[in-house]
Amino acid sequence: MSNYSEQKPLNIVAVSGGLNNPSKTESLVQEIINELGEATPINVHFIKFSEIGHLLGGAIYRNQLPERIQEDLAKLEAADALIVGTPVYRASFTGLFKHFFDFVEQTALVDVPVLLAASGGSDRHALVLEHQLRPLFSFFQAQTLPIGVYATDKDFTPEYTIRSEQLRDRITLAVARALPVLEWAPAKGQRAEAVKSKTEQANQNLGINKQIEQEEVLPSAAVPSLDAAESRLHSKVKTPKTQVA
Ligand SMILES: Cc1cc2nc3c(=O)[nH]c(=O)nc-3n(C[C@H](O)[C@H](O)[C@H](O)COP(=O)(O)O)c2cc1C
């Protein structure tokens, strides 16, 4: 990204669904945060299930959740971009990870870039990123980023730091591929206010299930100028696609 020092920091919310302490998922998400932080200025709010997991069960409506989790949800809904990670439990995200996202207002993540990550015991479940996590965030109409990061137990030291060079390379690649999207797609605060007031209104009215009309959120969620984004992404010199002899 250009003009690193002049950029407004991105407001990133990271989620680790790892219930253990220490947690491989948490280490993985932290490494992704570190890598992104080296590439562009960020402010991070990190939601760790190792801390909040035990507070999640039992609630059906958002206003039944502890204050702390309601605040986490509000921050997540106002984020410019998300980094989300879960351990694999029975070939999917954990039940509690899904339970947490069940409380997210259903239009709050429209167009929000989401970097997907998971840790599992087996290589065989790497496609959990594509077959479980990506569809969940597609439901939210979020913009899942092109490269996700999957790690297994053998990628970590006994202290749960990352020992695998391939995993580090994958994190570097995931962040590199995320940067062009993060440059032009983030709400940069524009979306946050609209989402905040609509979400508060929805929660007061009907708990988690009030549908917010998309046009109330989308105009501010949209990229400010697609033309500007296009001209940055594509060369200004246009060459004909086919040459006719
Ligand atoms: C209840 C349970 C179910 C699991 N199911 C799977 C599974 O289906 N596939 C897999 O690869 N690993 C599975 N694992 C292993 C964990 O995904 C793996 O150890 C993960 O890295 C743990 O993350 P954490 O350290 O953040 O808790 C399971 C672990 C538990 C406790």
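The sequence shown begins at 1 in full-length UniProt numbering and counts up by one.
Glycine residues also receive a C-beta, built at the ideal position from the N, C-alpha and C atoms.
Inter-residue Cα distance where the pair is residue 246 and Glu51: Summary: the structure shown does not reach residue 246, with the chain confined to residues 1 through 245, and so no result is reported for it.
Per-residue burial, Asn209 [other beta carbons within 10 Å of its own, 16 or more giving buried]: Model confidence at Asn209 stands at a pLDDT of 49, short of 50, so the residue's coordinates are unreliable and nothing is read from them.
Val88: CB within 8 Å of a non-hydrogen atom of ligand 1: yes
Where Ile147 falls: helix, strand or coil (DSSP): coil
Ile32 vs Val175 beta-carbon contact at 9 Å: yes
Residues of its chain near Lys188, where Cβ-Cβ distance is below 7 Å and the 5 sequence neighbours each way are ignored: Low confidence applies here, because Lys188 scores a pLDDT of 47, under 50, leaving its location unreliable; read the following figure in that light. The answer, listed in chain order, is Lys8, Asp80.
Spatially closest choice to Ile162 from Ser27, Leu36, Arg124, by CA coordinates: Ser27
Contact between the region 117-136 and the region 53-60 (3+ Cβ pairs under 8 Å): no
Cα-Cα separation, Pro180 to Gln143: 13 Å
For Phe103, the nearest candidate out of Gln141, Val29, Arg62 (CA to CA): Arg62
Gly18 burial status per 10 Å Cβ neighbour count (16 or more: buried): buried
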